[in-house]
Structure formats: structure tokens, C-alpha cells
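So that you can map any letter, position 35 of the first sequence is 39 in my numbering, and since no number is skipped, the others follow by simple counting.
The structure under discussion appears below in the form of C-alpha cells.
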Amino acid sequence: MNPADLSAALLTVVTAISTARGGTRELTVDDLLLERPRNRDHGDWASNIAMKLAKSLGVSPRELADEIAVEAAQLAGVASVDVAGPGFINITLDAAAAGALAKTIVEQADAYGRGDLYDGIAINLEFVSANPTGPIHIGGVRWAAVGDSLARIFQSQGGIVTREYYFNDHGAQIDRFARSLLASFLGEPAPEDGYGGAYISDIAARVLATYPGTLERIPRAEQQELFRAVGVELMFGDIKAALHEFGVKFDVYFHENELHESGAVEKAIQRLRDLGAIYEADGATWFRSTDYGDDKDRVVIKSDGEFGYISGDLAYYLNKRERGFERNFIMLGADHHGYVKRLMAMTKAFGDEPYVNLELLIGQMVNLVRDGEPMRMSKRAGTVVTLEDLVEAVGVDAGRYALVRSSIDSQVDIDLDLWGRKTNDNPVFYVQYAHARTHSVARNAEASGVDRSVFEASLLSDETESILLGVLAEFPRVVRQAAELREPHRIARYSEQLAGAYHRWYDACRVTPLADDAVDDVHRTRLWLNDAVGQVLRSSLGLLGVSAPERM
RNA sequence: GCGCCCGUAGCUCAGCGGAUAGAGCAAUUGACUACGGAUCAAUAGGCCGGGGGUUCAAAUCCCUCCGGGCGCACCA
5 MNPADLSAAL
15 LTVVTAISTA
25 RGGTRELTVD
35 DLLLERPRNR
45 DHGDWASNIA
55 MKLAKSLGVS
65 PRELADEIAV
75 EAAQLAGVAS
85 VDVAGPGFIN
95 ITLDAAAAGA
105 LAKTIVEQAD
115 AYGRGDLYDG
125 IAINLEFVSA
135 NPTGPIHIGG
145 VRWAAVGDSL
155 ARIFQSQGGI
165 VTREYYFNDH
175 GAQIDRFARS
185 LLASFLGEPA
195 PEDGYGGAYI
205 SDIAARVLAT
215 YPGTLERIPR
225 AEQQELFRAV
235 GVELMFGDIK
245 AALHEFGVKF
255 DVYFHENELH
265 ESGAVEKAIQ
275 RLRDLGAIYE
285 ADGATWFRST
295 DYGDDKDRVV
305 IKSDGEFGYI
315 SGDLAYYLNK
325 RERGFERNFI
335 MLGADHHGYV
345 KRLMAMTKAF
355 GDEPYVNLEL
365 LIGQMVNLVR
375 DGEPMRMSKR
385 AGTVVTLEDL
395 VEAVGVDAGR
405 YALVRSSIDS
415 QVDIDLDLWG
425 RKTNDNPVFY
435 VQYAHARTHS
445 VARNAEASGV
455 DRSVFEASLL
465 SDETESILLG
475 VLAEFPRVVR
485 QAAELREPHR
495 IARYSEQLAG
505 AYHRWYDACR
515 VTPLADDAVD
525 DVHRTRLWLN
535 DAVGQVLRSS
545 LGLLGVSAPE
555 RM
């Protein structure tokens with residue numbers, strides 16, 4: 005018996021009672037979502053439906069709850085129903101009904117926890133998208149971890165997901181990068197608006213190595229062009245390699261240049277013009293975005309004839325829509341939150357629905373802390389903290405877990421000293437160890453002659469087993485909620501909760517009999533529960549892109 | 001001035017309008033001749049930034065004030 009079954013059964017009970025009392029509102033399973041009471045004395049599942057309906061039915065919550073409780077107690081698998089407090093209906097399942105879940109999970113394996121929220125829907129996730137003018141800084145790394153996890157979560161809800169990296173190779177920043185490389189090569193100081201740091205001289209040296217001996221003889225403009233073309237390729241290769249090492253694989257690397265060369269940008273502007281959303285002023289061409297909710301209008305063609313920044317975004321969005329993506333996500337840092345309104349205005353102007361066809365996710369800043377001090381970063385000074393630095397300091401698993409564990413709405417401090425520890429006080433190990441332990445327990449059990457020939461759910465009657473089963477039952481809903489709210493950190497928190505419940509169960513209940521004892525059905529049945537926990541921990545860590553080792 | 005995010009235990013952070021607000025770390029005290037002690041048990045630690053409001057019910061929603069971060073270009 006999982007909570008979805010119970011909700012459905014309860015729905016028929018409550019609907020009948022409501023109708024009999026003259027209720028007119030049509031109820032759905034969403035009205036009957038059950039919650040896990042914090043206090044074990046309040047049963048396995050609790051419903052607040054009586055408090056919600058009482059007023060409209062002209063009856064007191066307690067009275068209504070009592071009436072529902074009587075009927076609910078008759079449902080299959082329900083051991084008892086109590087009414088408590090202002091009108092909570094607390095349901096306790098019998099051990100067999102609750103325990104059956106363990107076998108279900110093992111049999112469903114990877115399918116347990118999947119849902120159909122985004123079945124068959126084409127979803128584009130654009131994230132990282134750091135310009136190839138330097139290594140990926142820590143803000144981009146946050147999205148590498150969170151975006152990839154979100155992709156996995158959407159996939160588990162049936163979504164057809166494309167991970168996309170927008171490669172901005174068309175702007176002035178690339179010119180600055182090229183001039184910085186050239187300056188390094190010529191032994192000049194970095195340009196005022198350029199980039200510094202060891203990686204610049206490194207890239208410059210590598211560019212030089214590709215054209216040995218000839219560089220000095222060509223004109224400066226050609227030198228700069230060479231540094232631009234080769235330097236960007238090298239930098240981009242480094243970025244791809246770092247992401248790959250981090251376990252993030254993009255399906256599409258989209259080049260902004262493509263939009264300009266294909267004329268897509270002109271076409272996008274023309275489309276706005278046809279919609280009457282374009283006007284000329286002060287020698288520039290403007291998108292009247294204020295008509296669609298923006299704070300101010302935006303320049304699409306500057307008075308010098310160059311395209312404004314938003315022009316590329318217009319074309320890029322239309323391109324994604326033409327490629328068939330119904331839902332498009334762009335993940336940006338807190339310093340880009342001002343983009344939300346203008347891009348939503350664009351969405352609306354094109355006849356799409358803001359916040360549905362296009363969503364912007366804004367992640368707050370990440371600070372890395374070392375020796376108790378935040379590490380100050382400056383791109384100009386070259387003191388960026390990069391993806392490679394993070395991986396080197398704490399490893400891929402801890403790095404990803406640390407970044408995905410907190411809500412993107414919160415600024416986070418990541419203590420490299422803490423997360424770098426290969427010891428117990430590192431949260432990722434708590435979960436990974438729990439997974440490794442499920443395998444260790446299974447190995448020992450099998451070696452002691454415990455097999456899976458019997459599953460008798462009613463034998464899972466210990467209190468720690470009841471709690472553990474309750475946590476396992478929540479997994480599908482947690483995944484669905486993580487998808488709906490675009491919040492992968494919920495999976496991480498859940499995995500810690502499950503790991504804790506498992507460790508406590510391990511402490512209380514043996515799967516392998518003691519030396520002199522015989523193997524019985526309790527051991528066999530517990531082995532199923534052990535395997536079920538291993539499965540769900542593996543699935544959870546999988547959704548986070550963190551490995552689930554069988555031994556540590 | 002306007003906008004977005006945050007303010008919860010000593011620290012880093014969870015918390016879907018519900019019951020006695022949680023986890024990890026740090027602190028104190030216990031538990032290995034028993035499946036891995038990378039674990040578990042217990043103790044201690046909170047005007048949920050302040051003040052109003054909505055609600056049967058507010059850490060959660062609304063208003064306001066205070067504090068912090070980040071933005072408000074014909075830059076990208």
C-alpha cells in the first residue's frame with residue numbers, strides 16, 4: 005500500500021460523505037494528499053481534509069473527521085484510524101500493507117520513483133553557457149551540478165530533455181580575450197578591460213605552439229585574429245573537458261555565430277516589426293517591450309548598426325521553438341536577474357506563454373570558503389575559482405553534492421576544508437555509506453545463507469521498519485515535487501533522510517542471523533527491505549549525478 | 001529611488017498553510033567478543049530579523065520596517 009493508493013481509496017470515502025451532506029465541490033486526489041506526521045504517535049499518514057471541508061459543509065471539523073474515520077477504518081490495509089487535534093485524520097496501516105512496498109520497489113527497480121509529469125514533452129535546459137574567455141567560474145559550476153540534476157529529474161518524469169550550452173562567440177568579450185592573449189604573447193600588461201591570470205599566458209603559449217616560428221612575422225591584426233580563433237577553440241576544449249570530468253554531458257553546443265550568419269537575428273527582428281512591436285528612435289531600433297510588461301524598451305539595433313544584446317536572444321528563442329521545444333529553461337546567476345522581465349516580454353510578444361514556454365531560473369551566488377575566509381574572486385586579476393579547483397579540492401561527488409544540496413534561492417558558502425574531508429563529517433559520505441552498507445549487508449546475508457525465497461510483509465513490524473517504509477513510500481512524490489518546483493535539492497535532503505532511517509534500522513534489526521541462530525523468514529524478508537533501500541538510494545544519488553559505490 | 005533573492009540552533013543549511021520547527025557539523029555523555037563505529041543512542045542549544053494583517057491554523061501567504069547579497073547601458 006503506497007500513499008497514492010491510500011489517497012485514491014480515501015477520495016471515494018470522502019466524496020460519498022461530502023455528497024451525502026450536500027457538498028457540491030468536486031474533489032480530486034490533490035485534495036486528499038496525505039502527509040507524514042512528524043510524530044510517530046500520529047500514525048503512518050495524516051489527512052487534513054476534514055478541516056478543509058468542514059466550513060463549506062456547515063459541520064465542525066471534528067465531527068466530519070469522525071465520520072470519515074469510521075469509513076476509512078474499513079479500507080483494506082488500514083489497521084486503525086484516529087482523529088486528533090483540530091480534526092486531523094491519522095491513519096495507521098497494518099504491517100503487511102505497509103511492508104508490501106519493499107517487494108514492490110525491488111521488483112520495479114529503477115522504475116520506482118519515475119512519473120509521468122512531463123511525458124513526451126520536449127524540454128530544453130540551457131545552462132552554464134560560460135563565455136570561452138576563461139575557465140568556468142564557480143557560479144557556472146553551480147548550474148553545471150543543478151542543471152544536470154534537473155535534467156535527470158525531468159527525464160525521470162518522462163520529459164525528452166536536451167542539455168544545451170549557448171556558446172557566445174560573437175561579442176566584444178571575445179575581442180578582449182584575444183587582445184589579452186596577444187598582450188601576454190608580446191609581454192605587455194593585460195589590457196584595461198581584459199583578462200589576467202595564469203591561464204591567459206598558458207593559452208597564449210599553447211596558441212604559439214600551434215604556429216611555431218611564424219607568429220612574429222605577421223601583422224599585429226593577424227596575430228590577434230590567430231589568438232582569437234585558436235585561443236577560443238583551446239579555451240572551449242578546456243571547458244568541455246572540465247565539464248566532462250564533472251560528469252556533465254551537453255547534447256548541444258549552440259554557437260551564437262550561427263544565428264548571425266544564418267540571418268536568424270534579422271528574421272526575429274522582422275517578426276517583431278510585423279507584430280508592430282518595433283520603432284525607431286535616436287538613430288536606433290527599439291523593441292517596445294514595455295507593451296509586454298518590461299520596465300523599459302530595449303535596443304535591438306544600435307545607432308552604430310550593430311545588434312543589441314537582446315537580438316541574439318530573440319533569435320535563439322525562436323530557434324529553440326522551431327526545434328520543437330515546448331518548455332525552455334535558461335539558468336542564470338543572480339547578476340542576471342534583470343533579464344527575466346525582458347525575456348518574458350519577448351515570450352509574450354511572440355505569442356507564447358511566459359513562465360510556461362520559457363522559464364528563467366536564477367541562482368544566487370556561491371562563495372567558496374577556505375580556512376574560514378571567503379575566497380575573493382576577480383576575473384581581471386585572474387583569481388577565479390574554477391571547476392577544476394573545486395574538483396581538485398573536494399572531488400566530483402562531494403562537489404556536485406555540495407552544490408545541489410541547497411536551494412538555488414540561497415547564497416551558499418561551501419567550505420572546502422569540510423567538503424574535502426574523506427571522513428564522516430562530510431554529508432555526501434553519510435548517504436554514500438548507507439548505500440555501500442546495503443550492499444555489504446546483502447553480501448553478508450547471502451554468505452550466511454539468507455536468500456530471497458520468502459517475503460512475508462507482516463514480519464516487517466519493528467518501529468524502525470515502519471518508519472523506513474514510510475520514507476521509502478515518499479520517494480515518488482519527492483521526485484515529482486522536485487520536478488514541479490525545479491528544486492533538485494529536495495532529492496539530496498530526501499536521500500539524507502532515507503540514509504538516516506536506514507542506519508537506525510540497521511542498528512535495530514539484523515538481516516544476517518547471529519552465529520548460532522538459524523535463518524528464518526524474518527531475515528529473508530528483511531533482505532528485501534535492505535535491497536529496496538539500496539535501490540532508492542541508488543536512484544536518488546543517480547538523480548543528483550553522484551556515484552553510488554558498493555564499497556567505500 | 002526601483003527590482004530580484006535571502007534573514008530559522010554556535011556554523012552550513014532544510015522545512016508542500018497544519019499538530020511539540022528539523023538535519024549535518026561543532027559541544028557534552030554513552031554504545032563494538034553482533035551483518036562496516038564512515039554508525040547509533042542521549043543531552044544541550046531557537047522571541048523562525050521586528051511589527052501589523054489574512055486564516056480554524058502562519059517560519060510558510062499579504063503589507064510595512066530593519067539588515068545582508070545582487071542588479072538597474074545604444075556593455076556583453
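All C-beta atoms, glycine included, are put in the ideal place defined by N, C-alpha and C.
Residue nearest to residue i in terms of C-alpha spacing, selected from the options
i: Pro90; options: Ala50, Val458, Ala496 and Leu129; result: Ala50
i: Leu533; options: Glu478, Ser84, Ser188 and Ala461; result: Ala461
i: Leu472; options: Ala512, Tyr169 and Gln436; result: Ala512
i: Leu154; options: Val398, Glu326 and Glu488; result: Glu488
i: Leu372; options: Phe258, Leu420 and Lys59; result: Leu420
i: Asn43; options: Ala522, Gly474 and Gly546; result: Gly474
i: Arg490; options: Asp417, Glu226, Thr28 and Ser411; result: Ser411
i: Phe354; options: Gly504, Met379 and Asn323; result: Asn323
i: Val165; options: Gly124, Asp173, His340 and Tyr203; result: Gly124
i: His340; options: Ala106, Ala285 and Leu364; result: Leu364
i: Leu79; options: Tyr203, Thr16, Gln159 and Gly191; result: Thr16
i: Ala268; options: Glu326, Val303, Ile222 and Trp290; result: Glu326
i: Ser60; options: Leu31, Val82 and Arg40; result: Leu31
i: Tyr437; options: Phe171, Ser551, Ala225 and Gln227; result: Ser551
i: Glu75; options: Ile127, Leu10, Thr28 and Arg29; result: Leu10
For residue i, the residue or residues it bridges with in DSSP
i: Asp417; result: Asn371
i: Ser84; result: Thr96
i: Tyr170; result: Phe258
i: Pro358; result: Leu362
i: Phe333; result: Leu129 and Glu363
i: Arg302; result: Phe291
i: Thr390; result: His141
i: Ala285; result: Ala288
i: Ile178; result: Answer by DSSP bridge pairing: none, since Ile178 is not bridged.
i: Glu39; result: Ala50
i: Glu377; result: Arg374
i: Ile164; result: Ala126
Terminal residues of the alpha helix (DSSP H) in which residue i lies
i: Thr214; result: Ala202 to Thr214
i: Ile157; result: Ile142 to Ser160
i: Gly504; result: His493 to Ala512
i: Glu237; result: Arg224 to Glu249
i: Thr351; result: Tyr343 to Ala353
i: Tyr296; result: Per DSSP, Tyr296 belongs to no alpha helix (DSSP H) and is neither H nor E.
i: Glu75; result: Pro65 to Ala76
i: Tyr321; result: Tyr313 to Glu326
i: Glu467; result: Glu467 to Leu489
i: Leu437; result: Correcting the residue identity first, residue 437 is Tyr in this sequence and not Leu. Pro431 to Ala451 is the extent of the alpha helix (DSSP H) around Tyr437.
i: Ser11; result: Pro7 to Ala24
i: Val400; result: Val400 to Val408
i: Thr529; result: Asp525 to Leu548
i: Leu276; result: Ala268 to Asp278
8 Å Cβ shell around residue i - same chain, five flanking residues per side excluded
i: Val585; result: No answer is possible for residue 585: the residues shown for the chain start at 5 and end at 556.
i: Ser205; result: Ser188
i: Arg167; result: Leu129, Phe131, Gly151, Asp152, Ala155, Val252, Lys253, Phe254, Asp255 and Val256
i: Arg555; result: Ala440, His443 and Ser444
Cutoff 7 Å; reference residue i; Cβ partners in own chain excluding five residues on either side
i: Val87; result: Arg66, Ala69, Asp70, Ala73 and Ile93
i: Gln539; result: Ile109, Val110, Ala113 and Tyr116
i: Val395; result: Glu249, Phe250 and Gly403
i: Ala496; result: Tyr405, Val408, Arg409 and Leu548
i: Arg374; result: Leu420 and Asp421
Continuous beta strand (DSSP E) stretch holding residue i: start and end
i: Ser51; result: Trp49 to Ser51
i: Phe291; result: Ala288 to Phe291
Cβ-based neighbour list, residue i, same chain, cut-off 6 Å, excluding 5 preceding and 5 following
i: Arg210; result: Leu238
i: Ala406; result: Ile418 and Trp423
The ligand COA heavy atom lying under 8 Å from the CB of residue i
i: Met350; result: The ligand content of the structure shown is nil, which means the ligand COA is not present either.
May I ask you to verify whether the region 259 to 270 touches the region 301 to 319, counting CB pairs closer than 8 Å and requiring at least 3? With a cut-off of 8 Å on Cβ pairs, the region 259 to 270 is in contact with the region 301 to 319, counting three or more such pairs.
Should the region 411 to 427 be regarded as contacting the region 444 to 459, the criterion being three or more beta carbon pairs within less than 8 Å? no
Inter-stretch contact (C-beta, 8 Å, three-pair minimum) for the region 295 to 304 and the region 122 to 140: no
Between the region 495 to 503 and the region 135 to 147, can you find at least three pairs of beta-carbon atoms closer than 8 Å? no
Cβ contact check for the region 472 to 484 and the region 514 to 523: 3 or more pairs under 8 Å: no
Just checking, does the region 174 to 183 make contact with the region 224 to 232 on the three C-beta pairs under 8 Å criterion? yes
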